[in-house]
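Peer 1: Numbering (the UniProt record's numbering), first residue to last: 1 to 232.
Yeah, the Cβ is synthetic: ideal placement off N, Cα and C, and Gly gets one too.
This is the structure we're talking about:
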């Protein structure tokens, strides 16, 4: 239990739950004392543990590495990041954005949470968002996009879509279909975002060879906003 004496050969003032440090060429490394060993933690976790209970230690005492290497090392699961958390003022930075980027050769994408005064788009585009009829998202695109998605499920291969300027995504079944449509060099895109777009029909040769007398009526139409092109 936290606060109980350790039987690991550490000094008596390092009770269970206390934090100590080792000085290295790269800076201090922090460890927490556990009942059956020690676990390395980042500086943020060390500060949080000490803020909760310092066990009478004004600062994490420094230990020599030769003493620590003989003690079993465990893993301490902490949800805190390596860097200190930055608290953002919502009145000052009311806009929150999720950024996704995956360049050629990257094993995994890089995601970032951004905050600021407004959306990261040109001021002239602020009122150009498209409110989709069947979706809940408001879309801004600077032209059509040909995108490739890597499914999070390893059973499925890469999927390709054409996203038109109105924010509707159309499935592109394979490279031959993309070539026939004049599409090449798809951009990487996250499924977490693309799935929010309205789903259109698949752009395949088989679908294009079907003929129809009429097209089905839209089951959920929307009145054209006043002032829009085509409005009475």
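1) What's the gap between the Cα of residue 170 and the Cα of residue 162?
2) Would you identify the three-state DSSP class for residue 66, choosing helix, strand or coil?
3) Considering only their Cβ atoms, is the gap separating residue 99 from residue 111 smaller than 8 Å?
4) What are the boundary residues of the beta strand (DSSP E) that residue 169 is part of?
5) Would you be able to state if there are at least three C-beta pairs under 8 Å between the segment 172-187 and the segment 74-86?
6) Since residue 41 contacts residue 30 with CB under 8 Å, what's their CB separation in whole angstroms?
7) What residues in its chain sit with their C-beta under 7 Å from that of residue 53, if we drop five residues either side in the sequence?
8) CB-CB under 6 Å to residue 139, same chain, minus the five flanking residues each way: which ones, in chain order?
9) By Cβ distance, which residues of its chain are closer than 7 Å to residue 165, with the 5 residues on each side in sequence left out?
10) Just reading off the beta strand (DSSP E) that residue 148 is part of, what are its end residues?
11) Could you compute how far the alpha carbon of residue 252 sits from the alpha carbon of residue 210?
12) Rounded to the nearest angstrom, what separates residue 115 and residue 44 at their Cα positions?
13) Quick check: the Cα distance between residue 55 and residue 24, rounded to an integer number of angstroms?
14) Using 8 Å for Cβ pairs, my map puts residue 188 next to residue 137. What's the rounded Cβ distance?
15) Using CA atoms only, rank isn't needed, just tell me which of 176, 93, 5 is closest to residue 206.
16) Apart from the five residues just before and just after residue 21, which ones in its own chain have a Cβ nearer than 6 Å to its Cβ?
17) Tell me the rounded alpha-carbon separation between residue 146 and residue 173.
18) Excluding the 5 residues preceding and the 5 following residue 186 in the sequence, name in chain order all residues of the same chain whose CB lies nearer than 8 Å to its CB.
19) Quick one: is residue 50 buried, meaning 16 or more other Cβ sit within 10 Å of its Cβ, or exposed?
20) Between which two residues does the beta strand (DSSP E) holding residue 45 run?
21) To which residues of the same chain is residue 65 closer than 6 Å at the C-beta, ignoring the five residues directly before and after it?
22) Just mark residue 121 as buried or exposed, buried being the case when its beta carbon has 16 or more other beta carbons within 10 Å.
23) Just how far apart, CA to CA, sit residue 19 and residue 113?
24) Please list the terminal residues of the continuous alpha helix (DSSP H) segment that includes residue 194.
Peer 2: Reading it off the structure:
1) C-alpha separation (whole angstroms): 5 Å.
2) Note: residue 66 maps to helix in three-state DSSP.
3) Yes, the Cβ-Cβ distance between residue 111 and residue 99 is below 8 Å.
4) Counting along the chain, the beta strand (DSSP E) containing residue 169 begins and ends at 168-172.
5) Not touching, per the Cβ criterion.
6) A Cβ-Cβ distance of about 5 Å is found for the pair residue 41 and residue 30, placing them in contact under the 8 Å criterion.
7) Answer for residue 53: 2, 17, listed in chain order.
8) Cβ contact annotation for residue 139 (same chain, cutoff 6 Å, sequence separation greater than five): 130, 167, in chain order.
9) Same-chain partners within the cutoff: 141, 143, 144.
10) For residue 148, the enclosing beta strand (DSSP E) stretches over residues 145-149.
11) For the chain, the structure presents residues 1 to 232; residue 252 sits outside this window and is missing.
12) Their backbone Cα atoms lie some 22 Å apart in a straight line.
13) Their backbone Cα atoms lie some 24 Å apart in a straight line.
14) With a Cβ gap of about 20 Å, residue 188 and residue 137 do not count as contacting.
15) Per the C-alpha coordinates, the member of 176, 93, 5 positioned closest to residue 206 is 176.
16) Correct list, in chain order: 28, 30, 60, 62.
17) Using only the alpha carbons, I get a separation of about 12 Å.
18) Correct list, in chain order: 146, 147, 148, 160, 178.
19) It is buried - the Cβ of residue 50 has at least 16 other Cβ atoms within 10 Å.
20) Bounds of any beta strand (DSSP E) do not take in residue 45; it lies within the alpha helix (DSSP H) bounded by 43-52.
21) Closer than 6 Å at Cβ, skipping near neighbours: 22.
22) With fewer than 16 other Cβ atoms from the protein chains shown falling within 10 Å of its own Cβ, residue 121 counts as exposed.
23) One C-alpha to the other measures close to 31 Å.
24) Start and end: 191-194.
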